[in-house]
Amino acid sequence: MVRDKLIFCYLMVAPAMLFTIALGIYPMLYSMWMSFVEYDLLRIQQYGTPFVGFDNYVEVFSDPRFVQTVSNTVLFTILAVSGTLGISLLLSQVLNAKFPGRAIVRMAVCVPWFVPPAVASAIWMWLLNTERSPINYLLRDWGVIDSNIRFLTDSTQYGPFSIPMLAIVAVRVWNGLPFAVIFILAALQSIPASLYEAAEVDGATIMQKFWHVTLPSLKPVLLILLTLLIIGGLGSFEINYIMTGGGPNNLTNIMAVYSYQQAFSFFRFDLASAASGVILILTGFVCVYYIRAQFKGTQQ
Amino acid sequence: MSGLKIVTPNRPSKGRVLAAFTLAAVMSGTMMTQATAQSIDFWTQPQGDLLVYQDTMNALASEFKAESGIDVRVEVINWSVAFNTWLTVAQGGAAPDCADMYWLHSFSGIGGGKYGPQPITAYRDQWPTLEEDFFPGALEDVHWNGEFYGIPWRVDIRPMMYRTDFLQEAGLTAPPANWDEIVSMGQALTVRDGNNTTRWGFAPGNNNPAQTLLPYYWQAGGVMLSEDGKTATIDNEAMRTALKFLQDLVHVHKITSPEIFEKSAVPLDDFTSGSVAINGSMGNSWPSQFDRDYPELEDKWAIALNPEGPENRDSYSGAGYWGVLYGTDQIDACINWIKFLSQQENMQRISEATGAASPRRAVMASESWNARPWQTVMGETLEFGHTSQHATSVWSALASPEPGAVLYDLVYSTVIGNEDIDAAVVAAQARMQTELDRSATN
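Taken in order, these protein sequences are the chains called W and F. Read in my numbering, the first sequence has 229 at position 246, and its numbers run on one by one without any break. The number in my numbering is simply the position in the second sequence, starting from 1, with 11 added.
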C-alpha cells in the first residue's frame, strides 16, 4: 500500500521533474562542462572542444572587466535586496492597516509586478533619458537642478557608487517590490493579534512592537525572501542589459550581462560558461546557507 | 444453455475490406507524390512594413511555383531573433534550403564549411552581367575567400540627414560638404540653455561605436585589415585622424553629445525631436520611415552625400543577400528561386514594397526610386558605398556594439572618455590581431 502510494507520488511529479531536468539541470550541467573546455564558435569546427581545465576561469578572472562585474554584481545585489526588503517591510505595514481605499492602494502597489522586466526597462529608459526625461523637466522647473541629471550615462564615480548604478537599482527595487510586499503581507496577516494586544498591555511602543513581535514572527518568511532576492540579484540580467548594456564605462555591468556578451557578441561560450559558473557558485553558497538555516530551525 | 444467445459480431465483407485497403493505398500514394514534388524552405527577415513584405514574398513564391512547379515555403524571421537563429544555423541547427542572410563572413567562419551559407561559385555563370548590374560595394558582401555566395538584394546605405528648418534658422543654405564644414556648421546649429544643450549640431552616426567610426576612418584613407583578412591595420595616421576628429566634436567643439554611444541613445528620436540637427550617417530606413510616420516633418528634412573626409567620402554600406545553405539537397531549385527573385522586375517590386535601397543599378535608376529627392540621393550615395563586411569571420565580434569589443572600447575610450588616442590605438591594434589569430578559418 505504502509502496503503491510512493509509486503514485513519483508518477505524479515525474512530468515536472522531466521538464526540470531537461530545461534546467541538463543545460546547467552542459554549461558547467563548457566552462572546462575550449568552446570558441570560431574554432570549434576545426579544433573541437579540447579540455582546458580551469583555464577559462583563469582567463575571466584575469579580465579586469569581469572582476569589475563581480564587484558590481555584489554591490547591485546588496543595494537591491536592502532596498526591496526595507521598503516592502514598511509598505506591508501600511497595507496591513485598515483604511478606506486599502484595496485600491494594494492594487497600485502590485502594478509593477504586472510589467515584465523587459517592458519596465524600456519604460524607465524613457523616464530616465537625459534630455527627454520628465523627471529632469520637473526638477528643473522646480529649480532643484540647473542641468539635466544623466541618470543612465553619468560616468562619475562616488566610491563604488555611480548614478547609473543607483538608477538601475531603483528600477530593480520598483519592479521587485510587489513580490516582497505580498510575501510579507501574507505573513503579517498570520501573526496572532493577541501578541500585539499583549505587547500593548505591557506598554510597548510602535517600534518596540515591530522589533519584538513583528520581526521575530516574520523571520521565516524574511529568510526565504532574502534568499530568493539574493539569488535573483546575483543572476539579474534584463534590466542592466536593456537599460545600459553594462555601461557607461562598465559601471553597471554585472556577471550575467558579461556572460551574455561573451557568448553572443564574441562567440566565446567557454568564457561565458565560466562566468555563469561563478554565478552558480555564489548562488550555491546562498542556497547552502539557507538550507542549513532551515535544518537548524527544524532541529530546534 | 437455452436462453444464451451467442452473438456473432458483424464482420465486414471482404469487398469492404478490399475497398478500404485500396483507398488507403491511393491516399498514401497521393501524399507520397506530394511529398516528393519539389519544395524548398526559404527564410527571410522582414524589411519595411511586415505585412506588405510577407504579401510580396508570398506572391512571388506563387508566381515562381506557377512558372517552375517548385513550391517555396517562405518563413519570415523577426529581426529580434534573427541573429540567434543564424548563429544556431551556423552551428548545425535546423536550417532552410536557402535564405535571405547577412554577415556572410562571420556565419561562414562559424559554420566551418559544414553549416551555414554555402558557396555557389559553380553557379556564378547564371548571372553573366553581375558586375554591370550591381553596385560594387554590395557585391563585396557576397564574396568571401574567393567564393561566391549569392545575390545581394538590399543595401543598408547611410548618407547624411539634416533638418532643413534648423539650417534655415541658422542662415545656412546647404549641408556640410566636408569635415571642416561639419565643425563650423555644427557650432552654428548647436543651441544651449544655460548648462544644458537643447540641440546638438551634429551626430556622427548611430549609437554603435564601430559603425560610427568606420566611414570616418575610411574617409581618412584607412583600411581595417589586410586583403587576406589576417593582419590588423588600424595603427596608422588615418585612425588617429578619424578618432581625433570625433573626439574633438565632443570635447573641443562640443557639438556632439557625449551620450551618443549609450544604449539608451535613440538617434532617430533625437533627430525627430529636434535634439540633433544633422546626423552624419543616418539609419538606412529613416527616409521611408519619415515619409510614412512623420508627415508633420514634411519639408523639414533632407539627405545629402556624406561630407568628404581628407581622402574620400565613402559611405557605410551593408547588404543582405539571397543564398543557399549547407545541408540542402535542393541546390538547383534554390538557384532557380534566387534567379527568379533577382530578375530586375522582381527586385524592383521588392524594393518598392520594402522601401529598401536596391543594390541593382537599374532599380535605383528607375522612376519610382527618383520620385522623391531623397531617393535620388540614396542612389548617388551607393556609388560611394564601402562594404562594412571585412574578410574575417571574427569581424562581427570585433565590431560588436557591446563593451569589450575591440572597436567599441577603442572608440568609447577616446571619443567619449577623452583618453590618449596613441595609446588606445596601439592597444586596439594588438587586441585586434589577437582576435584575428583566433579565427581558425583565416
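By construction, the Cβ of each residue, glycine as well, lies at the ideal position given by its N, Cα and C atoms. As the structure is a prediction and not an experimental result, all values here were calculated from the model.
Ser326 of chain F is bridged by DSSP to F:Gly396. Counting along the chain, no beta strand (DSSP E) covers Val436 of chain F; the unbroken alpha helix (DSSP H) around it starts and ends at Ile432 to Arg449.
Checking the DSSP bridge columns, you'll see Val202 of chain F partnered with F:Arg210. Assignment of Phe249 of chain W by DSSP, reduced to helix, strand and coil, places it in the coil class.
Segment contact: the stretch 295 to 302 of chain F against the stretch 207 to 226 of chain F, fewer than three CB-CB distances shorter than 8 Å; contact not assigned.
Nearest Cα to Met226 of chain W within the set W:Asp(-13), W:Val164, W:Arg85 and W:Leu111: W:Leu111. Around the C-beta of Phe53 of chain F, 16 or more other C-beta atoms lie within 10 Å, and the residue is accordingly described as buried. In terms of beta-carbon proximity, Ser45 of chain W stays away from the interface with chain F, with every pair separated by 8 Å or more.
When DSSP states are grouped into helix, strand and coil, Ala86 of chain W belongs to the helix group. With respect to Met171 of chain F, Ile314 of chain F sits close: the two C-beta atoms are nearer than 8 Å. Taking CB atoms only, Arg324 of chain F has no neighbour in chain W less than 8 Å away.
Tyr272 of chain W sits away from Tyr243 of chain W, with the two beta carbons spaced by 8 Å or more. The three-state reading of DSSP puts Ile168 of chain F in strand, counting E and B together. For Pro231 of chain W against Ser138 of chain W, the beta-carbon gap comes to about 4 Å, under 8 Å, which counts as contact.
Neighbours of Pro231 of chain W in chain F, taken as residues at a C-beta separation under 7 Å, are given in chain order as Glu273. Chain-ordered, the chain F residues with CB closer than 7 Å to the CB of Met108 of chain W read Ser275. Take the alpha-carbon of Tyr(-7) of chain W and the one of Ile207 of chain W: they are about 26 Å apart. Taking Val202 of chain F as the centre and dropping the five residues before and after it, the same chain places the C-beta of Thr208, Thr209 and Arg210 closer than 8 Å to its C-beta, in chain order. One thing to note: Leu24 of chain W has its Cβ within 8 Å of the Cβ of Gln102 of chain F.
For a Cβ distance threshold of 7 Å, residue set Glu270 of chain F lies close to Thr113 of chain W, ordered along the chain. Note on geometry: alpha-carbon atoms of Tyr419 of chain F and Ala410 of chain F lie some 7 Å from one another. About 15 Å separates the Cβ atoms of Gln49 of chain F and Val335 of chain F, ruling out a contact at the 8 Å cut-off.
Taking the Cα positions, Glu143 of chain F is about 42 Å away from Gly182 of chain F. Per the coordinates, the alpha-carbon of Ile121 of chain F lies some 10 Å from the alpha-carbon of Leu115 of chain F. In the three-state reduction of the DSSP assignment, His264 of chain F falls in the coil class. In chain order, His116, Ser117 and Gln400 place their CB closer than 7 Å to the CB of Trp406 of chain F, counting only its own chain and leaving out the 5 sequence neighbours on each side. When Cβ-Cβ separations below 8 Å define contact, Thr52 of chain W makes no contact with chain F.
Distance from the CA atom of Thr3 of chain W to the CA atom of Ala(-3) of chain W, rounded to whole angstroms, is 10 Å. Asp23, Leu24, Leu25, Arg26, Ile27, Gln28, Gln29 and Tyr30: these are the residues of the stretch 11 to 38 of chain W whose beta carbon lies less than 8 Å from some beta carbon of chain F, given in chain order. Excluding the 5 residues flanking it on each side, Val152 of chain W has same chain C-beta neighbours closer than 8 Å at Phe59, Leu62, Ala63 and Gly66, in chain order.
The C-alpha of Asp281 of chain F lies about 25 Å from the C-alpha of Asn89 of chain F. Taking 8 Å as the upper bound for CB-CB distance, Trp96 of chain W and Phe162 of chain W are in contact here, some 6 Å apart. At the C-beta level, Trp312 of chain F and Thr445 of chain F stay beyond 8 Å of one another. In the DSSP assignment, Leu236 of chain F is bridged to F:Ala243.
In this structure, DSSP gives Tyr337 of chain F a state outside helix and strand, which the three-state scheme calls coil. Contact annotation: Val164 of chain W and Val50 of chain W have beta-carbon atoms that are not nearer than 8 Å.
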